[in-house]
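First comes the structure, then the notes that go with it.
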Amino acid sequence: MTIPPVDPARIAVQIDPDGAFADVRCSGVRVHLVETGSGGLRVEVGAVAAVSRVRLRWAAAIPEDCLVLGDAWERSYGELEWRGVRAERVLPWTALVHHPRTGTTDGWGVEVGGASLAFWQVDRRGVTLTLDLRSGGAAVVPGDRMLTAAIVHVVSGGQGALAVQRSLLRRLCPQPLTTGGPLVGANNWYYAYGRDFGLAAVVRDARTIADLVGDHAVRPFGVVDDGWSSAGTADGLAASPGPWRAGRPDRFPDMAEAAEAVRAEGVRPGVWFRPLLTREEPIEGVRAGRDGALALDPSSPAVLELVAEDTARLGGWGFELIKHDFSTYDLLGSWGPDFGAAPGSGPALHDPSVTTAEALVRFYATVRAAAGEALVLGCNVVGHLAAGLVHAQRVGDDTSGLHWDRTRRVGVNALAFRLAQHDAFFTLDADCVPSTTATDWALNRRFLDLIARSGTALFVSVDPATRTDAVDADLAQALRLALDGGTPGGVAPLDWLHSPTPSRWSAGDDVLEYDWVGPGGADAFEPFLAGSPDPAL
0 MTIPPVDPAR
10 IAVQIDPDGA
20 FADVRCSGVR
30 VHLVETGSGG
40 LRVEVGAVAA
50 VSRVRLRWAA
60 AIPEDCLVLG
70 DAWERSYGEL
80 EWRGVRAERV
90 LPWTALVHHP
100 RTGTTDGWGV
110 EVGGASLAFW
120 QVDRRGVTLT
130 LDLRSGGAAV
140 VPGDRMLTAA
150 IVHVVSGGQG
160 ALAVQRSLLR
170 RLCPQPLTTG
180 GPLVGANNWY
190 YAYGRDFGLA
200 AVVRDARTIA
210 DLVGDHAVRP
220 FGVVDDGWSS
230 AGTADGLAAS
240 PGPWRAGRPD
250 RFPDMAEAAE
260 AVRAEGVRPG
270 VWFRPLLTRE
280 EPIEGVRAGR
290 DGALALDPSS
300 PAVLELVAED
310 TARLGGWGFE
320 LIKHDFSTYD
330 LLGSWGPDFG
340 AAPGSGPALH
350 DPSVTTAEAL
360 VRFYATVRAA
370 AGEALVLGCN
380 VVGHLAAGLV
390 HAQRVGDDTS
400 GLHWDRTRRV
410 GVNALAFRLA
420 QHDAFFTLDA
430 DCVPSTTATD
440 WALNRRFLDL
450 IARSGTALFV
460 SVDPATRTDA
470 VDADLAQALR
480 LALDGGTPGG
490 VAPLDWLHSP
500 TPSRWSAGDD
510 VLEYDWVGPG
520 GADAFEPFLA
530 GSPDPAL
């Protein structure tokens, strides 16, 4: 049930990003609340000079035994779970409150693509929404513009927490963009990690997945991930920055020919790039040094022009899927778990009249427009801002070809707690299923089975050294199921109220049990290990 949001009991404004909040009536900042035709509450903000944040507070009695769930700023990192009420807990984008005694769930959220980085807090006396309007780490100076900081929606229902979450997310994204069908393919990152591969290896992987899916009418993708460009991870450097004008002369001398070679195997070619990092001479809009190169600021028109040129070039080479990566980190200098209540720091953006959220949305829109007919897959992208501008979205941090426990902790968690975003925002990608010599196939195949049944994106990263008749049979069965669209009706986590890595799932009319923990138990040290090998080694 949708509930029209009532006007908040309190509105406070912060001018200086390190200053105190003051009552809006004493701040010189204009905050207008307008009911929308869809039952939402539009929050419009204007300021003669500057504004950093707006905080809205609704009074509500929250029972002490309630369970609370938020979302993640960008990708999730294995941290999503239902927890008890904790007043200071930052809940990006959405807040769900489940009442165990009644079985009802209430949901609050802001529409996608807004001008703020928004988070909720829930306590025994009410709900708070903070709208971060900063430009980088500084107060935004919007001039005579009124910012649509957020459009708030509230839902409630007793049909189950997942159903309420789905209902909320569909209200938050009026115009989702999806792949329009199954997204399935091969990606070598989790066995190659950007090192020691060339066109021959890419074609071999394309041939492998073509053989595994056989004559299925829906064709899979073969993605050329990080490692195809010069002066990057393939050379033992910390990162792979632009320019994105050519491949490695020795391994990928002609990227258009590379795309065509993949297509010749009956596989659709895809490619990875990192658009907001470059080694070239500075253009107008360099944000900071990052990973031995220059991070770019998408509030600069010159940067957006470069991004459009690079994206269009990839499509012009014949790639049918373009994966853009690292943009949140390159702009803000940190990862989602480090954001806390303050995503971003440092000086204002190149254009100080633009909020960080607006700059990111413009960047996503630029990539989408320049990609033409190619599908766009976002990674390290703020999904709540990119919804409607990416066809598919990597919703969790990296799985692993090195440590199964990372795949369990991050991949299963992302699928369970962000599953409601699938088709409501975009096609969901919980990341690759690896088949590597360092991980146990008996465990990987369980993740493979669940992803295939789910109808979400399924990419596999298959080290040729691990292929056996049994592994191939598992892969072929799962890939063909995924290309069929998964199990009719999809999957749903049944024990997600009590576990961050649910083991009981419904799949159509069946109930399945997945044992995610190996015989030796979980690795307590895994969360402190690097997700990828050190490129310098």
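Using numbering that gives the first Met the number 0, the letters of the sequence shown map in sequence onto residues 0 to 536. C-beta atoms are modelled at their ideal positions from N, C-alpha and C, and glycine is treated no differently. Keep in mind the model is a prediction, meaning the values are calculated, not measured.
- Item | Stretch pair the segment 134-147 + the segment 90-109: three plus CB contacts closer than 8 Å | Flag = no, the segment 134-147 and the segment 90-109 do not touch.
- Query: The alpha helix (DSSP H) spanning D533 covers which residue range?
  - Reply: Per DSSP, D533 lies in no alpha helix (DSSP H) segment and is marked neither H nor E.
- Item | Alpha-carbon to alpha-carbon, S299 and G38 | 35 Å
- Task: Report buried or exposed for L293, applying the criterion of at least 16 other Cβ atoms within 10 angstroms of its Cβ.
- Result: buried
- Query: Using the rule of at least 16 other Cβ atoms within 10 Å of the residue's Cβ for burial, across every protein chain shown, is H31 buried or exposed?
  - Reply: exposed
- Message: Going by DSSP in three states, W403 sits in which element: helix, strand or coil?
- Response: helix
- Query: Expressed to the nearest angstrom, what Euclidean distance is found between the alpha-carbon atoms of S434 and W72?
  - Reply: If you take the alpha carbons of S434 and W72, they lie about 29 Å apart.
- Query: In its own chain, which residues sit with a C-beta less than 7 Å from the C-beta of V394, not counting the 5 before and 5 after it?
  - Reply: Excluding its 5 nearest sequence neighbours in each direction, V394 has C-beta neighbours in its own chain below 7 Å: R74, S75, G382, A413, R417, Q420, L427, D428, A429, listed in chain order.
- Taking the runs of the alpha helix (DSSP H) that are 4 residues or longer, which of them lie wholly in the segment 249-323? 254-262, 300-315
- Message: Can you give me the C-alpha to C-alpha distance between Q164 and A230, rounded to a whole angstrom?
- Response: Rounded to the nearest angstrom, the two C-alpha atoms are 44 Å apart.
- Query: Under the rule that 16 or more other beta-carbon atoms within 10 Å means buried, what is C25, buried or exposed?
  - Reply: exposed
- Task: Within its chain, find whatever has a CB closer than 6 Å to the CB of W81; leave out the 5 residues flanking it on each side and keep chain order.
- Result: L66, L68, L496
- Are there 16 or more other CB atoms within 10 angstroms of the CB of G343, so buried, or fewer, so exposed? buried
- Item | Beta-carbon contacts of V180 that lie in its chain and below 7 Å, excluding the five residues immediately before and after | Contrary to the premise, residue 180 reads as Gly rather than Val in this sequence. Around G180: V217.
- Item | Local conformation of G18 per DSSP, three classes | coil
- Alpha carbon of T35 to alpha carbon of M254, nearest angstrom: 48 Å
- Message: Can you tell me where the beta strand (DSSP E) holding H97 begins and where it ends?
- Response: 93-98
- Anticipated Cβ contact below 8 Å, L176 with G387, distance rounded: 5 Å
- Over what stretch of residues does the alpha helix (DSSP H) that includes R417 continue unbroken? 412-417
- Query: Given a threshold of 16 other Cβ atoms within 10 Å of its Cβ, counted over all protein chains shown, does R100 qualify as buried or as exposed?
  - Reply: exposed
- Message: Going by DSSP, what residue range makes up the alpha helix (DSSP H) through W440?
- Response: 440-453
- Message: Quick check on this structure: which residue in S333, L330, D309, G332 has the alpha carbon closest to the alpha carbon of K322?
- Response: D309
- Is there contact here, the segment 6-24 with the segment 37-55, by at least three beta-carbon pairs under 8 Å? yes
- Near E283, which residues of its chain fall below 7 Å by C-beta distance, leaving aside the five closest residues on each side in sequence? S299, A301
- Query: Can you give, in chain order, each stretch of the beta strand (DSSP E) that sits fully within the segment 471-513 and has at least 3 residues?
  - Reply: Listed in chain order, they are 490-492, 503-506, 509-512.
- Item | In chain order, each alpha helix (DSSP H) run of at least 4 residues that lies wholly inside the segment 179-232 | 188-191, 198-212
- Message: Is the beta carbon of A307 closer than 8 Å to that of T232?
- Response: no
- Message: Taking a contact to mean a Cβ-Cβ separation below 8 Å, would you say P546 touches V151 in this structure?
- Response: Absent from the structure is residue 546, since the part of the chain shown begins at 0 and ends at 536.
- Task: Within its chain, find whatever has a CB closer than 6 Å to the CB of L146; leave out the 5 residues flanking it on each side and keep chain order.
- Result: Counting only Cβ-Cβ distances below 6 Å, and skipping sequence neighbours, we find V44, A114.
- Short check: CB of W271 to CB of D225, under 8 Å? Closer than 8 Å, so yes.
- Once you ignore the five residues that flank T277 on each side, which residues in its own chain have a CB closer than 7 Å to its CB? Its chain contains P240, G241, P242, A292, L293, L295 as the residues whose beta carbon lies nearer than 7 Å to that of T277, once the 5 sequence neighbours on both sides are disregarded; these appear in chain order.
- Message: Once DSSP output is grouped into helix, strand and coil, what is the label at R24?
- Response: Correct three-state label for R24: helix.
- Query: Does the segment 483-497 come within contact of the segment 403-410, defined as at least 3 CB pairs closer than 8 Å?
  - Reply: no
- Query: Among the residues of its own chain, which have a CB less than 7 Å from the CB of V542, if the five just before and after it don't count?
  - Reply: Within the shown structure, residues of the chain are numbered from 0 to 536, placing residue 542 beyond reach of any answer.
- What do you get for F446, buried or exposed, if any count of 16 or more other CB atoms within 10 angstroms of its CB means buried? buried
- Message: Can you find the residues in the same chain that come closer than 6 Å, C-beta to C-beta, to D290, ignoring five residues on each side of it along the sequence?
- Response: A237, A238
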